[in-house]
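In UniProt numbering, the protein residues as written are 1 to 129.
Built from N, CA and C at the ideal position, the CB exists for glycine as well.
Here the structure is a predicted model, which means the values were calculated and not measured.
Below you'll find the structure, written out as C-alpha coordinates, and then a few comments.
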Amino acid sequence: MSQLKITGIDHPGVAANDVEALADWYCEVFGYQKWFKHPKPVWMLKAPDGTLLEIMPKDDTARPERTTWTPGWSHLALRVENIDEAIAFLDTKGVRWGGSVINAIGGGKVRNLFDPDGNMLQILERAKE
(Lines of atoms letter the chains of each structure in order from A and count residues from 1; the text may use other names and numbers.)
(Lines give C-alpha, C1' and ligand atoms only; values in the text may rest on other atoms or scores of the structure.)
Protein backbone atom coordinates (compact mmCIF):
# COMPACT_ATOMS: atom_id res chain seq x y z
CA MET A 1 0.00 0.00 0.00
CA SER A 2 1.63 3.23 -1.14
CA GLN A 3 -0.83 5.72 0.32
CA LEU A 4 -3.44 5.86 3.08
CA LYS A 5 -6.88 6.31 1.53
CA ILE A 6 -9.26 8.32 3.68
CA THR A 7 -12.91 7.92 2.75
CA GLY A 8 -14.14 10.97 4.66
CA ILE A 9 -14.66 12.39 8.14
CA ASP A 10 -16.49 10.02 10.49
CA HIS A 11 -17.32 12.56 13.19
CA PRO A 12 -16.17 15.66 15.05
CA GLY A 13 -16.42 15.58 18.83
CA VAL A 14 -17.37 18.34 21.22
CA ALA A 15 -16.79 18.35 24.97
CA ALA A 16 -19.91 19.65 26.73
CA ASN A 17 -20.77 21.21 30.07
CA ASP A 18 -23.92 19.03 30.11
CA VAL A 19 -23.86 16.14 27.63
CA GLU A 20 -27.63 15.50 27.72
CA ALA A 21 -28.59 19.17 27.34
CA LEU A 22 -26.19 19.81 24.45
CA ALA A 23 -27.20 16.57 22.68
CA ASP A 24 -30.86 17.58 23.04
CA TRP A 25 -30.08 21.03 21.60
CA TYR A 26 -28.38 19.62 18.48
CA CYS A 27 -31.34 17.25 17.99
CA GLU A 28 -33.96 19.99 18.43
CA VAL A 29 -32.21 22.73 16.48
CA PHE A 30 -30.38 20.84 13.71
CA GLY A 31 -32.39 17.64 13.35
CA TYR A 32 -29.76 15.22 14.66
CA GLN A 33 -31.02 11.97 16.19
CA LYS A 34 -29.59 10.23 19.24
CA TRP A 35 -27.93 7.21 17.65
CA PHE A 36 -25.74 5.56 20.32
CA LYS A 37 -25.11 6.26 24.00
CA HIS A 38 -22.01 5.18 25.86
CA PRO A 39 -22.31 5.13 29.69
CA LYS A 40 -19.38 7.58 30.13
CA PRO A 41 -21.78 9.51 29.20
CA VAL A 42 -21.14 10.11 25.51
CA TRP A 43 -23.80 10.55 22.81
CA MET A 44 -23.18 9.80 19.17
CA LEU A 45 -25.71 11.81 17.18
CA LYS A 46 -26.61 11.12 13.55
CA ALA A 47 -27.48 13.85 11.04
CA PRO A 48 -30.12 13.34 8.34
CA ASP A 49 -27.30 12.59 5.84
CA GLY A 50 -25.82 9.91 8.12
CA THR A 51 -22.79 11.86 9.36
CA LEU A 52 -22.07 11.66 13.09
CA LEU A 53 -21.38 14.14 15.90
CA GLU A 54 -19.98 13.06 19.27
CA ILE A 55 -21.06 14.90 22.44
CA MET A 56 -18.78 14.02 25.37
CA PRO A 57 -18.21 15.39 28.89
CA LYS A 58 -15.66 18.16 29.31
CA ASP A 59 -12.86 18.05 31.82
CA ASP A 60 -11.80 20.90 34.13
CA THR A 61 -9.53 22.62 31.58
CA ALA A 62 -10.40 26.31 31.22
CA ARG A 63 -11.97 27.25 27.88
CA PRO A 64 -9.63 29.57 25.97
CA GLU A 65 -11.02 32.59 24.17
CA ARG A 66 -10.97 32.08 20.42
CA THR A 67 -11.93 33.62 17.14
CA THR A 68 -12.43 32.01 13.73
CA TRP A 69 -8.69 32.42 13.14
CA THR A 70 -7.36 31.11 16.50
CA PRO A 71 -4.95 28.19 15.87
CA GLY A 72 -6.45 24.71 16.07
CA TRP A 73 -9.87 23.41 15.07
CA SER A 74 -12.05 26.46 14.71
CA HIS A 75 -15.68 25.61 13.97
CA LEU A 76 -18.16 23.09 12.64
CA ALA A 77 -19.81 24.14 9.36
CA LEU A 78 -23.26 22.65 8.76
CA ARG A 79 -24.52 22.72 5.19
CA VAL A 80 -28.07 23.96 4.60
CA GLU A 81 -30.14 24.07 1.41
CA ASN A 82 -31.40 27.62 1.93
CA ILE A 83 -29.53 29.95 4.28
CA ASP A 84 -32.37 32.49 4.53
CA GLU A 85 -34.84 29.80 5.64
CA ALA A 86 -32.24 28.38 8.04
CA ILE A 87 -31.67 31.81 9.60
CA ALA A 88 -35.42 32.37 10.02
CA PHE A 89 -35.77 28.98 11.74
CA LEU A 90 -32.72 29.47 13.97
CA ASP A 91 -34.05 32.90 15.00
CA THR A 92 -37.11 31.09 16.43
CA LYS A 93 -34.69 28.99 18.53
CA GLY A 94 -32.98 32.09 19.93
CA VAL A 95 -29.48 31.23 18.73
CA ARG A 96 -26.64 33.65 19.36
CA TRP A 97 -25.27 34.87 16.03
CA GLY A 98 -21.60 35.66 15.49
CA GLY A 99 -22.02 38.10 12.61
CA SER A 100 -24.02 38.57 9.46
CA VAL A 101 -24.16 36.52 6.26
CA ILE A 102 -20.92 36.72 4.28
CA ASN A 103 -19.52 35.07 1.16
CA ALA A 104 -18.13 31.61 1.87
CA ILE A 105 -14.63 30.64 0.80
CA GLY A 106 -15.12 28.43 -2.26
CA GLY A 107 -18.53 29.93 -3.06
CA GLY A 108 -21.85 30.26 -1.35
CA LYS A 109 -23.03 32.10 1.76
CA VAL A 110 -22.13 31.49 5.41
CA ARG A 111 -23.10 32.79 8.85
CA ASN A 112 -21.49 32.08 12.23
CA LEU A 113 -23.42 31.17 15.37
CA PHE A 114 -22.74 29.57 18.75
CA ASP A 115 -24.21 26.54 20.50
CA PRO A 116 -25.28 26.85 24.17
CA ASP A 117 -21.75 25.96 25.34
CA GLY A 118 -20.19 28.70 23.19
CA ASN A 119 -18.79 26.45 20.44
CA MET A 120 -18.59 28.19 17.08
CA LEU A 121 -20.76 26.79 14.30
CA GLN A 122 -21.52 27.93 10.79
CA ILE A 123 -24.49 27.41 8.55
CA LEU A 124 -23.40 27.32 4.95
CA GLU A 125 -25.28 27.27 1.67
CA ARG A 126 -23.27 26.15 -1.36
CA ALA A 127 -24.36 26.69 -4.94
CA LYS A 128 -26.14 23.70 -6.45
CA GLU A 129 -23.81 21.62 -8.62
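| Residues in its own chain within less than 8 angstroms of I102 by CB, not counting five upstream and five downstream? | Numbered from 1 along the sequence shown, position 102 holds the residue referred to as residue 102. K109, V110 and R111, listed in sequence order.
| CA nearest to the CA of D10, picked from L90, L53 and K34 | Start at 1 with the first residue of the sequence shown, and residue 10 comes out as number 10. Of L90, L53 and K34, the residue nearest in Cα terms is L53.
| request: Have a look at L124 and A104 and give me their C-alpha separation to the nearest angstrom. | output: By 1-based counting over the sequence shown, the position of residue 124 is 124. By 1-based counting over the sequence shown, the position of residue 104 is 104. Roughly 7 angstroms between the two C-alpha positions.
| message | Please list the terminal residues of the continuous alpha helix (DSSP H) segment that includes A21. | response | Against the sequence shown, residue 21 aligns to sequence position 21. Start and end: V19 to F30.
| What's the gap between the Cα of K37 and the Cα of A86? | Position 37 of the sequence shown holds residue 37. Position 86 of the sequence shown holds residue 86. Their backbone Cα atoms lie some 28 angstroms apart in a straight line.
| said: Going by DSSP in three states, L124 sits in which element: helix, strand or coil? | reply: Walking along the sequence shown from the start, residue 124 turns up at place 124. L124 falls in the strand class under three-state DSSP.
| query | Residue ranges of each alpha helix (DSSP H) run of no fewer than 4 residues wholly in the segment 77 to 112, ordered along the chain? | reply | 83 to 92
| request: Count the other C-beta atoms from every protein chain shown that fall within 10 angstroms of the C-beta of Q122, then say buried if there are 16 or more, exposed otherwise. | output: The sequence position of residue 122 within the sequence shown is 122, counting from 1. Classification for Q122: buried.
| query | Which word fits A88, buried or exposed, when buried means at least 16 other C-beta atoms lie within 10 angstroms of its C-beta? | reply | Taking the sequence shown and counting its residues from 1, the one referred to as residue 88 is at position 88. Its Cβ having fewer than 16 others within 10 Å, A88 is exposed.
| task | Below 8 angstroms on the Cβ atoms is my guess for W43 versus P116; work out the distance and round it to an integer in Å. | result | Position 43 of the sequence shown, counted from the first residue, corresponds to residue 43. Position 116 of the sequence shown, counted from the first residue, corresponds to residue 116. Going by Cβ atoms, the distance from W43 to P116 rounds to 15 angstroms, so no, they are not a contact pair.
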